[in-house]
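Visitor: There's a structure below that I have some questions on.
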Amino acid sequence: MALRDQIRIMVVDDMSTSRGLITQALDAFGVRNIVSAQDGQSALQSLSRSPVHLVISDYNMPGMSGLQLLQSLRQGANTKGCGFILITGRADRETIATGQKLGMNNFIAKPFTPQELRSCIEAVVGRL
Numbered sequence: 016m017a018l019r020d021q022i023r024i025m026v027v028d029d030m031s032t033s034r035g036l037i038t039q040a041l042d043a044f045g046v047r048n049i050v051s052a053q054d055g056q057s058a059l060q061s062l063s064r065s066p067v068h069l070v071i072s073d074y075n076m077p078g079m080s081g082l083q084l085l086q087s088l089r090q091g092a093n094t095k096g097c098g099f100i101l102i103t104g105r106a107d108r109e110t111i112a113t114g115q116k117l118g119m120n121n122f123i124a125k126p127f128t129p130q131e132l133r134s135c136i137e138a139v140v141g142r143l
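For what it's worth, our numbering labels the leading residue of the sequence shown as 16, then goes sequentially.
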């Protein structure tokens with residue numbers, strides 16, 4: 016069975032359009048087990064009940080940034096081992112360094128193509 020048939024991915028973004036574009040790209044890659052959340056807090060609640068293999072999260076969200084979500088995930092017994100990709104419009108050195116220190120597995124800068132997203136994901140989880 017291919018990885019794309021087994022992997023469970025959560026997309027976290029406060030913009031429904033962005034969530035939709037990422038979900039569409041994942042679907043085009045053959046990934047079917049996709050859940051989403053519109054903010055970090057609801058993502059944490061969902062993940063505490065049902066962990067995923069990979070979280071793809073926007074950086075800039077109200078209430079809880081992507082890096083704050085990452086920090087919370089790394090502290091949770093059920094979520095500390097999940098992969099984490101940060102999507103950011105400001106891929107500056109400080110943001111990336113902070114993410115790496117917190118345990119971020121990879122990042123992708125906006126705007127990106129579906130193929131760039133696929134490469135980013137495959138660098139973390141393996142070939143889809």
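C-beta atoms are modelled at their ideal positions from N, C-alpha and C, and glycine is treated no differently.
#1: Near Ala52, which residues of its chain fall below 7 Å by C-beta distance, leaving aside the five closest residues on each side in sequence?
#2: Do the segment 62 to 73 and the segment 97 to 110 meet, that is, are 3 or more Cβ pairs less than 8 Å apart?
#3: Under 8 Å, with one C-beta from each stretch per pair, do the segment 75 to 89 and the segment 38 to 45 reach the 3-pair mark?
#4: Taking buried to mean at least 16 other C-beta atoms within 10 Å of its own C-beta, is Arg142 buried or exposed?
#5: Would the beta-carbon of Ala106 fall within 8 Å of that of Ala124?
#6: Does the Cβ of Gly81 have 16 or more other Cβ atoms within 10 Å, making it buried, or fewer, making it exposed?
#7: Taking the straight line between their C-alpha atoms, what separation do you get for Arg23 and Ile49?
#8: Using beta-carbon positions only, say whether Phe127 and Gly114 come within less than 8 Å of one another.
#9: Straight-line CA distance for Pro129 to Ala92?
#10: Taking Cβ to Cβ, would you say Met16 is nearer than 8 Å to Asp54?
#11: Helix, strand or coil: which one does DSSP assign to Leu132?
#12: Does DSSP put Ser72 in a helix, in a strand, or in coil?
#13: Roughly how many angstroms lie between the CA atoms of Leu117 and Ser33, to the nearest whole one?
Guide: Put simply:
#1: Met25, Val27, Ala58 and Ser61
#2: yes
#3: no
#4: exposed
#5: yes
#6: buried
#7: 6 Å
#8: no
#9: 32 Å
#10: no
#11: helix
#12: strand
#13: 24 Å
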